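With positions in the sequence shown counted from 1, the corresponding number in the working numbering is that position plus 246. Each residue gets a CB set at the ideal place from its N, CA and C atoms; glycine is no exception. Owing to the predicted nature of the structure, the values given are computational and were not obtained by experimental measurement.
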Amino acid sequence: MQNNNSAMNGNVANSKKTFELVLAALFGVLTFLGTYISIPMYPVPITLQTFFVLLCGFYLNPYYSALSMALCLLLRFLTSGFSVFVTPSFGFLIAFIVAASFVSSQRQKKHLAFGQVILLLVVAEVVLYLIGLPYMAYVLNVYLGKNLSFFTILKVGMLLFIPGDAIKLLVAAYIYRSLPELKLLRK
């Protein structure tokens, strides 16, 4: 009888791990596909990618969140080649890994009220910009020789995106608060 219980527990653990891997793959692919749902802007388009990054952090643990965003990065590399490393948006792709893991690690600590969810997502957006903007500035100014000022980098890399980011952030927070059954995955 005890052997059956341990076998059943092993199957449940394997099933949960498989489900987490599938969910991580799904978020990685959705984030990648979010690239193609975009509003063209210079030098970085407005996309749905950050929306999926934020959701990923809520529904996966930090390890699987990072794995999911690494898959997105791999897919981007496979479709774009080495040129992806010298695009102004590449720093943001790296930041996806950090931001999704950050949201996940903070979410694991306690139950969050809606206002706390919003604050967490705002901090995650700040993380995205803290990593993405310097890389964008480097590519534009050093690699491409644009010689853009700090304010111009801030304007074209962040300020134009704040309204769209705010909408994506609010929708992600609402979805997270509305789908409690997915929260069970985090235990």
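Helix or strand or just coil, what does DSSP make of residue i?
i: Thr281; result: helix
i: Thr333; result: coil
i: Ser351; result: helix
i: Leu390; result: coil
i: Lys356; result: coil
i: Leu276; result: helix
Terminal residues of the continuous alpha helix (DSSP H) containing residue i?
i: Ser424; result: Ile408 to Ser424
i: Leu366; result: Phe360 to Tyr384
i: Phe328; result: First-last for Phe328: undefined, no H or E at that position.
i: Val402; result: Phe396 to Gly403
How about residue i and residue j: do their beta carbons lie closer than 8 Å?
i: Leu317; j: Gly274; result: yes
i: Leu313; j: Phe278; result: no
i: Ser335; j: Val290; result: yes
i: Val369; j: Tyr422; result: no
i: Ile292; j: Gly378; result: no
i: Leu367; j: Leu415; result: yes
i: Val332; j: Tyr389; result: yes
i: Ala419; j: Phe360; result: yes
i: Val417; j: Phe297; result: yes
i: Phe337; j: Pro380; result: The question names Phe, but residue 337 in the sequence shown is Gly. Contact flag set, yes.
Can you check the region 278-323 for any alpha helix (DSSP H) of at least 4 residues that lies completely inside it and give the ranges in chain order? You should have 295-305.
At least 3 beta-carbon pairs within less than 8 Å: the region 268-278 vs the region 374-385:
The answer is no - the region 374-385 does not touch the region 268-278, with fewer than three Cβ pairs under 8 Å.
Just checking, does the region 335-343 make contact with the region 369-381 on the three C-beta pairs under 8 Å criterion? Enough Cβ pairs lie closer than 8 Å, so yes.
Q. Are there three or more Cβ pairs, one per stretch, closer than 8 Å when the region 296-312 is compared with the region 344-356?
A. Output reads yes: the region 344-356 touches the region 296-312.
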